[in-house]
Each structure stands twice: as C-alpha cells, then as structure tokens.
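Counted the way the working numbering counts, the sequence shown spans residues 29 to 368.
Note sheet for the following structure.
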Amino acid sequence: MKTIIVTGGAGFIGSNFIFYLMDHHPEDRVVCIDKLTYAGNLSTLAHVLEKDNFRFCKTDICDREAVYRIFDEEKPDIVVNFAAESHVDRSIENPSVFLETNIIGTSVLMDACRKYGIGRYHQVSTDEVYGDLPLDRPDLFFTEETPIHTSSPYSSSKASADLLVLAYHRTYGLPVSISRCSNNYGPYHFPEKLIPLMIINALNDRPLPVYGEGKNVRDWLYVEDHCKAIDLVMRNGRVGEVYNIGGHNEMQNIEIVRLICKRLNKPESLITYVTDRKGHDLRYAIDPTKIHNELGWLPETKFADGIEKTIDWYLKNEAWWQPIISREYQTYYERMYGNR
Ligand code: NAD
Ligand code: DAU
29 MKTIIVTGGA GFIGSNFIFY LMDHHPEDRV VCIDKLTYAG NLSTLAHVLE
79 KDNFRFCKTD ICDREAVYRI FDEEKPDIVV NFAAESHVDR SIENPSVFLE
129 TNIIGTSVLM DACRKYGIGR YHQVSTDEVY GDLPLDRPDL FFTEETPIHT
179 SSPYSSSKAS ADLLVLAYHR TYGLPVSISR CSNNYGPYHF PEKLIPLMII
229 NALNDRPLPV YGEGKNVRDW LYVEDHCKAI DLVMRNGRVG EVYNIGGHNE
279 MQNIEIVRLI CKRLNKPESL ITYVTDRKGH DLRYAIDPTK IHNELGWLPE
329 TKFADGIEKT IDWYLKNEAW WQPIISREYQ TYYERMYGNR
C-alpha cells in the first residue's frame with residue numbers, strides 16, 4: 029500500500045489519473061492537492077470524494093507552509109505533479125502566473141520531498157518543451173535527446189521546471205522521473221482547449237475558430253493511455269530519466285474540426301479562420317520507443333474510438349460543462365475570440 033500525492037487532480041489529466049489509480053490500485057491512498065483555479069473543478073471528483081482512501085486538500089502548491097503540513101501528515105511514498113497553468117493562449121496573455129505555479133510550485137513540492145523523504149517525485153511534462161518540427165519533414169520526431177527549444181511562456185515554464193527537477197536529482201539525489209506527453213483528449217477536458225471547444229461550439233451552432241490555416245499538426249493521445257504510462261513510469265521507470273509518451277497519431281487541426289462537424293451533423297460553414305496564435309508551434313510528433321522498450325507501454329485506444337467516446341461523453345455530460353462555460357469562461361472567450 030502506497031500513499032500517493034497527486035497535485036492538480038481536479039483538472040483534466042489529474043482527475044483521469046486519480047480515477048485510474050482508484051481502479052487499478054485500490055489498495056493505495058490518494059491525496060489530491062489542488063488550488064481549484066478556473067481550470068480545477070471539484071465536481072469532477074464527486075464520486076471519489078467520499079472514499080476512505082482519498083483526501084482532497086484545496087491548497088496552492090506555491091504555499092510552502094501548507095504543502096509541508098500535508099507532507100508531514102501524509103508521509104507520501106510518491107508525488108506526481110500535474111498542477112500547472114496549462115493553456116498556451118493564456119500564457120501569451122499573462123505569463124507571470126505560469127512562472128509562479130509551473131516553476132516555483134514545482135520547486136516547493138521538491139523541497140517538501142527532500143524534507144520529508146520520498147520514494148519517487150514524478151513530473152508531468154509536455155512535448156512542447158522540444159519546440160516544434162517542420163510540417164514538411166514527416167520523418168522527424170521528438171526523442172528524449174531532442175534539445176529543449178521552447179516557443180511560448182507556457183512551454184518555457186514547463187521546460188524550466190524540467191531542468192529544476194533534473195537539477196534536484198543531480199544535486200540532492202532526489203529520486204525523480206519526468207514524462208513528456210503529446211496532446212491529450214478525453215472526458216473532463218476544459219472547454220478552452222481545441223477538441224472540447226469545437227465540440228461545445230458545434231453543439232451550440234457557434235463559429236468554430238480555427239487558428240491560421242488549420243494546418244498545424246498535433247499528436248493526439250487518449251487520456252487514459254497517458255495515465256497508464258505515468259503510472260508505469262512513476263512505479264517502474266528509471267530514476268533520473270525522461271520518458272516521451274505519444275501514440276503516433278498526428279492530425280492537422282482542420283481535420284479534427286471537420287471530423288467533429290461530421291460526427292455532430294453540423295455544417296462545415298461553422299468553421300471560421302481566425303488570426304493565428306503568436307509563435308504558433310507547427311508540428312509535434314513524439315517518438316515513444318524508450319517507454320515501449322523499457323516499460324512495455326503502448327497506446328491502447330485508437331483515435332477513431334477515443335474521439336467517439338469523447339464526443340459521446342460531452343453529449344451526455346452537459347451538466348459538467350454548462351456551468352463552466354457560463355462563468356469566467358464567458359469573459360475569457362470574449363477577450364480571446366471577440367476581435368480575432
Ligand atoms: P488543467 O489546466 O486541466 O488542470 C490543471 C490543474 O492544476 C487544475 O485542477 C488547477 O486547479 C490545478 N492548479 C493550477 N495551479 C495550481 C496551483 N498553484 N496549486 C495547485 N493546483 C493548481 O491541465 P491538464 O491539461 O490536466 O494538464 C495537467 C498537466 O499535464 C500539466 O502539468 C500540463 O503541463 C501537462 N500536460 C498536459 C497535456 C494536455 O494535452 N492537456 C499534455 C502533456 C502534458
Ligand atoms: O502538446 C501538449 C500540450 O497540448 C500541453 O502541454 C498543453 O497543456 C495543452 O494545452 C496542449 O497544447 P496545444 O496548444 O497544442 O493545445 P490547444 O488545445 O490549445 O490547441 C491545439 C491546436 O489547435 C493548436 O495548434 C492551436 C489550435 N487551436 C486551438 C484553439 C483553442 C485552434 O485552431 N483554435 C482554437 O480555438
């Protein structure tokens with residue numbers, strides 16, 4: 029039986045990870061630390077909140093005193109850090125909170141790990157730390173050896189955190205690991221991101237705002253496959269190592285948007301080309317050979333099945349996303365897309 033601290037567990041991937049742990053390791057105790065920012069939603073965790081082996085702490089990972097108190101009480105075996113500001117567009121608008129949470133927050137968690145002792149600190153990172161690949165070189169992929177070369181304040185903050193994690197390993201011997209994953213999709217994805225935004229706008233017959241020409245490529249992975257990979261790395265991955273996670277599922281943004289229109293029986297005339305994102309990364313593509321060879325991980329959900337399950341989930345769970353899009357999200361949407 030292990031005690032696992034999961035930070036950012038009220039967000040998209042963190043919540044799916046908590047459900048994965050509860051299903052696959054019911055003997056473990058899970059302690060979720062989440063500040064409940066605009067992206068965190070306690071209702072997502074409703075069906076685990078009452079479980080004996082689950083505790084929720086509404087806490088900012090930058091709050092050193094509060095974090096130390098939780099570590100002192102729980103004596104965790106493993107800490108897995110999902111907590112982050114995660115949206116590139118918001119980082120372009122206002123970088124500072126990204127630096128606070130993504131860099132300072134990570135250092136506070138690792139200081140707590142040093143103070144109280146830990147079996148493993150796992151940092152959930154992103155393929156965006158490698159920058160982008162050209163659209164006309166489909167033979168190129170990100171490996172763990174690809175140099176860090178970031179584009180946005182978001183990816184720069186994640187890369188900074190990765191460097192700190194590796195520094196804490198080398199300098200203090202902290203037992204760390206890092207995973208760098210490509211774009212996730214699935215249930216509980218916050219509606220500011222491409223796939224849920226397009227599903228919800230299409231359902232409401234609203235314009236579908238595609239940046240630039242819609243030709244940028246992302247490498248999509250169903251969220252449960254990502255959760256399984258993290259679980260493997262944090263338990264069995266080698267200390268001090270980085271593992272890339274991705275499913276060789278590259279698609280242009282416009283292909284995704286067209287597919288959503290088709291599945292929801294909505295006209296493509298809803299598609300509206302808008303001003304491109306500043307510094308927009310062209311293509312991400314992960315080479316997941318290392319995690320496959322060392323830990324036997326392979327993605328299990330084909331995109332055709334995953335997107336079907338995801339669209340179905342949004343159709344059935346309007347009660348989850350409707351309150352979100354009626355709050356701060358309205359102001360954000362107006363600011364981001366109003367004059368685009
Ligand atoms: P998300 O924005 O949906 O959730 C982030 C969660 O972190 C929210 O619950 C929020 O309340 C919490 N949080 C934010 N600041 C906090 C703070 N200071 N203290 C405590 N909690 C705080 O993000 P996501 O998409 O689930 O991403 C989770 C992690 O995975 C991030 O580290 C992100 O960089 C990484 N990642 C995401 C993807 C993706 O496609 N979404 C891909 C690769 C890596
Ligand atoms: O690659 C992993 C990263 O994937 C994670 O580290 C980030 O946390 C996560 O947000 C995601 O970043 P992206 O910028 O790739 O995701 P997003 O959903 O914001 O955008 C996906 C693509 O769709 C991107 O090329 C921009 C485009 N896009 C996005 C939105 C929100 C549009 O064309 N229109 C939109 O309205």
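Here a beta-carbon is modelled for each residue, glycine too, at the ideal position from N, C-alpha and C.
Check each candidate in the options and name the one with the smallest Cα separation from residue i.
i: cysteine 90; options: Gln151, Thr129 and Trp341; result: Thr129
i: methionine 364; options: His115, Phe40, Cys60 and Phe170; result: His115
i: valine 136; options: Phe126, Arg92, Pro162 and Arg286; result: Arg92
i: alanine 111; options: Lys79, Ile33, Asp167 and Asn81; result: Ile33
i: valine 251; options: Ile131, Trp348 and Glu328; result: Glu328
i: phenylalanine 126; options: Glu346, Leu231, Pro181 and Gly324; result: Pro181
i: arginine 88; options: Gly68, Arg208 and Ile258; result: Note on residue identity: the sequence assigns aspartate, not arginine, to residue 88. Per the Cα distances, Gly68.
i: histidine 217; options: Glu346, Leu49, Asp56 and Asp80; result: Glu346
i: tyrosine 149; options: Ile335, Arg266 and Leu225; result: Arg266
i: aspartate 160; options: Ser179, Glu172, Gly275 and Pro104; result: Ser179
i: arginine 263; options: Gly147, Leu236 and Glu102; result: Gly147
i: tyrosine 360; options: Tyr66, Arg291, Gly145 and Arg97; result: Tyr66
Residue i: beta carbon under 7 Å from a heavy atom of the ligand NAD?
i: phenylalanine 40; result: yes
i: serine 114; result: yes
i: valine 152; result: yes
i: isoleucine 206; result: no
i: cysteine 255; result: no
i: leucine 64; result: yes
i: cysteine 209; result: yes
i: threonine 35; result: yes
i: threonine 178; result: no
Express the C-alpha separation of residue j and residue i in angstroms, rounding to a whole number.
i: alanine 140; j: valine 95; result: 7 Å
i: lysine 143; j: isoleucine 288; result: 48 Å
i: glutamate 113; j: asparagine 122; result: 11 Å
i: isoleucine 314; j: aspartate 247; result: 7 Å
i: lysine 221; j: valine 152; result: 18 Å
i: aspartate 164; j: asparagine 244; result: 11 Å
i: valine 59; j: cysteine 85; result: 7 Å
i: alanine 189; j: isoleucine 120; result: 18 Å
i: phenylalanine 82; j: isoleucine 299; result: 43 Å
Give me whichever residues DSSP pairs with residue i in a beta bridge.
i: aspartate 62; result: Lys86
i: isoleucine 33; result: Val59 and Val107
i: arginine 311; result: Leu161 and Val245
i: isoleucine 206; result: Gln151 and Val270
i: asparagine 388; result: Limits of the chain in this structure are 29 at one end and 368 at the other, which puts residue 388 out of reach.
Shorter than 7 Å, the distance from the beta carbon of residue i to the closest heavy atom of the ligand DAU, or not?
i: glutamate 370; result: Since the displayed the chain opens at 29 and closes at 368, residue 370 lies outside it and no answer follows.
i: tyrosine 239; result: yes
i: tyrosine 312; result: yes
i: glutamate 173; result: no
i: asparagine 281; result: yes
i: glutamate 93; result: no
i: leucine 298; result: no
i: glutamate 156; result: yes
Minimum length 4: unbroken alpha helix (DSSP H) runs contained in the segment 64–103:
74–77 and 92–102
In chain order, what are the residue ranges of uninterrupted alpha helix (DSSP H) at least 4 long that sit wholly in the segment 263–306?
For the segment 263–306, whole alpha helix (DSSP H) runs of length 4 or above, ordered along the chain, are 281–292.
Whole beta strand (DSSP E) elements within the segment 216–250, 3-residue minimum
236–239 and 245–247
Please give the ranges of any beta strand (DSSP E) in the segment 128–201, keeping only runs that are unbroken, at least 3 residues long and fully inside the region.
148–154
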